[in-house]
Every structure is written in structure tokens, then in C-alpha cells.
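Input: a single structure, listed below in C-alpha cells.
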Amino acid sequence: MMKTFLCLLLALSLLLGGVALAENATAAPLAALTPSPTLQMEPAPARPQQPTPEPAATEMATPVPSPTQTPYPTPTPRAAATATPEVTAVPETTATPEAAAPETSATPEAAGETSPAPEGIFDRLPADMPTVPPLPTREPGRLTGVKIGIDPGHQAQGNSDQEAVAPGSSETKAKVSSGTYGRFTGVPEYEVNLAVSLKLREALEALGCEVYMTRETNDVDISNQERAIMMNELGVDLVLRIHCNGSTNESAQGIGLYIRATGTNADECMRAAEALLPAMVEATGAESDGIFRRDSYTGLNWSEVPSILVEMGFMTNEEEDYKLNDPAYQDQLVAGMVEGVCAYMGR
Ligand SMILES: [Zn+2]
Numbered sequence: 008m009m010k011t012f013l014c015l016l017l018a019l020s021l022l023l024g025g026v027a028l029a030e031n032a033t034a035a036p037l038a039a040l041t042p043s044p045t046l047q048m049e050p051a052p053a054r055p056q057q058p059t060p061e062p063a064a065t066e067m068a069t070p071v072p073s074p075t076q077t078p079y080p081t082p083t084p085r086a087a088a089t090a091t092p093e094v095t096a097v098p099e100t101t102a103t104p105e106a107a108a109p110e111t112s113a114t115p116e117a118a119g120e121t122s123p124a125p126e127g128i129f130d131r132l133p134a135d136m137p138t139v140p141p142l143p144t145r146e147p148g149r150l151t152g153v154k155i156g157i158d159p160g161h162q163a164q165g166n167s168d169q170e171a172v173a174p175g176s177s178e179t180k181a182k183v184s185s186g187t188y189g190r191f192t193g194v195p196e197y198e199v200n201l202a203v204s205l206k207l208r209e210a211l212e213a214l215g216c217e218v219y220m221t222r223e224t225n226d227v228d229i230s231n232q233e234r235a236i237m238m239n240e241l242g243v244d245l246v247l248r249i250h251c252n253g254s255t256n257e258s259a260q261g262i263g264l265y266i267r268a269t270g271t272n273a274d275e276c277m278r279a280a281e282a283l284l285p286a287m288v289e290a291t292g293a294e295s296d297g298i299f300r301r302d303s304y305t306g307l308n309w310s311e312v313p314s315i316l317v318e319m320g321f322m323t324n325e326e327e328d329y330k331l332n333d334p335a336y337q338d339q340l341v342a343g344m345v346e347g348v349c350a351y352m353g354r
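Counting with my numbering, you get residues 8 to 354 for the letters of the sequence shown.
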């Protein structure tokens, strides 16, 4: 009779042990029901069921309220199982990293501090957010030792004085123009070029890059030839000439890169452009207008270092005009160029 009762008790306690493992909230009251003699009779079975405790120690950030743990100090197997409810809770959260991520990334500030920026991070940034892209903070030394020249195209007042379109050439062009303008926003190109260029400098410098600008304000008078020579003397690894395009065809859109067709750096320019274009298209979702080889641009012809004229989009296209003036889209353009530079430099 007593034996049967003990067997029943054992069976019951085993059952309760299972429940306690599965649902730690009820573990404490159930464990209280089992008298200590039966606990000593089943030392082995519970141990193998314990999940490995390491994840609990490292990944459980939220402390579990534990008054229910302390009343059972006896080192019996069940007590061991119930004393570590964190362990049973851990697999639920750690088994699904996807579930954990959205919780933290819901607050952009927290995500920026704690986790590396996912690739699509810019899509989720509010448009009015300060323009420090999370991307560069990811790998601060990624572009250490790299020298990049940025030439924000045009200036507030054009200069129609002439200069040679290429070294030794008798053909001349205006020193610099004021560029195109947004047909829908009314914003002049030189303003957009400078805004994006300043963001680009910030993003590149955050990666340890050495950055040189041909201009930092709109009120300058620097010819295209002078801009190229400036970068030659600095010996930069690559010049990005930042521009916006314009067309009589309002439907024309997309990102286009212009490089010199001939000359010592022509092939190197193509290699850089081939790294830059796909990165920019991926970061922005814009169309690719392609890579164009031309020997008609003064700023490219005078360049003795690899140089790319980046047409970021068409200000004569309604959608792109608005986008080019959108700080969030400008961040995407910058992110694409940064990735392109990294790809070209093998970083
Ligand atoms: Zn331009």
C-alpha cells in the first residue's frame, strides 16, 4: 500500500517536474507540493533535460524576478530545474534572432548604438533625422589611408571666361557654369551638389578617409581646370565630381557616371566607375543611366588621378528632382558612393 502510494507520488512528481520545466511560472507552487523524500529518489532523470546554461549567462539581459527561486535551496534535481527558470526561458528568445531584432531596432537610437546597421537601414530612417548615416560607424577604420577628392559641381555664379578643355588643347570651354536647376523644386544644382558633397565628406571621414573638397560654399570662383589641378597636387586616390543631370526629356532619369575615354587613367576610371555604379543603384533603387566615356569634360581631361563625374539624377524629372532634394534620399546616395569607394579601394 505504502509502496503503491510512493510510486504514485513518484509518477506525479515526474509529471510535475515536466510541467515545471515547460512553464516556469508555475514551477514554484508545484515544487512545494512534493515532499522531500521523493525528491531524493530521482536524482538522475532531470539532469539531462537541463538546457546548457551558457546562453542564460551571456544573453539574458532582463533579470528574472526571482523570489520563487530562493525558497528551495535544497540541491535536489527538481530544485535545480526550478531554480533556473531563466534557462528554460532562454531558448524561446534566442532561438529566433529575428524576433529579438525588431524589438531593438524599433528605436533608431538604440539600434544605432547596440547593433550594426542592417543594409536597408536608410529605408527606415525618418526623413528629418540628422544626417549621420549609421553605416560609417560600423567600421571606423575601413577607409584609413585612403584619400578622396570631392568636387561639388558648379558654383552660385558661373564664369564664362574660357580655358583649355584639355592639356595642350586649343579647344576652350567656359571655366565653370552654374549648372541646371530643379524644374519642380526650383533648387539650383550647385546647392544640391554641395549638400550631398558635405554629407559624403562626413560619411567618408567617419570611416577614417582623408577627404579634400574643391569648395565648401556656393560663393566661390574656381574653374573646372583649377579643380582638377587642385586634386592632382593633393594626389588623391579618386575624385568624385558631384553633379545633377538635366534633359529636355522629362522622363529621363537615373544615375549616370562620366569618365574620360582616353588618357593614362582611362582604364582605372572605368574600374572605379564599375565599382561605384552598382553600389549607388543598390543603395538608392534608382535606375542606372550607365557609364559614359567622354573626352569633352575639362575637369576630367585635366585630371591626373582617377576621376568620375557622378550625375546623381535628373533635376528635369519630377520624381528625381524631389528625391535629390530629400535629405533621406541624399543619405542613400551617399551610402551608395561610400560603398562604391570601399569596393573600388578593396576595403
Ligand atoms: Zn552639373
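Cβ coordinates follow ideal geometry from the N, Cα and C atoms, glycine included.
{"Check": "In chain order, what residues place their C-beta within less than 5 Å of a heavy atom belonging to ligand 1?", "Outcome": "G160, G186, H250"}
{"Check": "Under 8 Å between the Cβ atoms of G165 and C251?", "Outcome": "no"}
{"Check": "According to DSSP, is R300 helix, strand or coil?", "Outcome": "strand"}
{"Check": "By the DSSP assignment, the beta strand (DSSP E) with Q169 in it spans what residues?", "Outcome": "166–171"}
{"Check": "At what residues does the alpha helix (DSSP H) containing P285 begin and finish?", "Outcome": "273–291"}
{"Check": "DSSP has N252 in a bridge; who is on the other side?", "Outcome": "F321"}
{"Check": "For E311 and G270, what's the separation of their Cα atoms in angstroms?", "Outcome": "9 Å"}
{"Check": "Is M237 near I157, with beta carbons less than 8 Å apart?", "Outcome": "no"}
{"Check": "What did DSSP end up calling I229 once you bin it into helix, strand or coil?", "Outcome": "coil"}
{"Check": "Spatial neighbours of A350 within its chain, please: C-beta separation below 7 Å, excluding the five flanking residues on both sides.", "Outcome": "A282, A286"}
{"Check": "Look at the Cβ atom of S177, then the Cβ atom of A163, and state whether they are nearer than 8 Å.", "Outcome": "no"}
{"Check": "Taking all protein chains shown into account, do 16 or more other C-beta atoms lie within 10 angstroms of the C-beta of P147, making it buried, or fewer, making it exposed?", "Outcome": "exposed"}
{"Check": "Which stretch, first to last residue, makes up the alpha helix (DSSP H) that contains E217?", "Outcome": "Taken as a continuous stretch (DSSP letters only), E217 belongs to no alpha helix (DSSP H), being part of the beta strand (DSSP E) at 217–220."}
{"Check": "Which same chain residues, not among the five before or five after Q337, have their C-beta less than 7 Å away from its C-beta?", "Outcome": "A202, V203, K206"}
{"Check": "Where I298 and P313 are concerned, what is the direct C-alpha to C-alpha distance, given to the nearest angstrom?", "Outcome": "14 Å"}
{"Check": "Are there 16 or more other CB atoms within 10 angstroms of the CB of L241, so buried, or fewer, so exposed?", "Outcome": "exposed"}
{"Check": "Throw me the rounded Cβ distance for the V153 and E212 pair, which I believe falls under 8 Å.", "Outcome": "Wrong, their Cβ atoms sit about 11 Å apart, outside the cutoff."}
{"Check": "So M344 packs on L150, CB below 8 Å; how close in whole Å?", "Outcome": "Between L150 and M344 the Cβ distance is about 12 Å, and since that is not below 8 Å, they are no contact."}
{"Check": "Select from L245, R354, G215 the residue whose C-alpha is nearest the C-alpha of A279.", "Outcome": "L245"}
{"Check": "State the DSSP-derived secondary structure class of V345, mapped to helix, strand or coil.", "Outcome": "helix"}
{"Check": "Identify which residue in R300, V199, A171, E233 has its Cα closest to the Cα of L316.", "Outcome": "R300"}
{"Check": "For Q169, collect the residues of the same chain with a Cβ closer than 6 Å to its Cβ; drop the 5 residues on either side in sequence, then sort them by chain order.", "Outcome": "T179"}
{"Check": "Can you check whether the CB of E198 is closer than 8 Å to the CB of M322?", "Outcome": "no"}
{"Check": "Nearest by alpha-carbon distance to G253: which of G189, E289, R267 is it?", "Outcome": "G189"}
{"Check": "Looking at the secondary structure, which residues open and close the alpha helix (DSSP H) in which A213 lies?", "Outcome": "196–213"}
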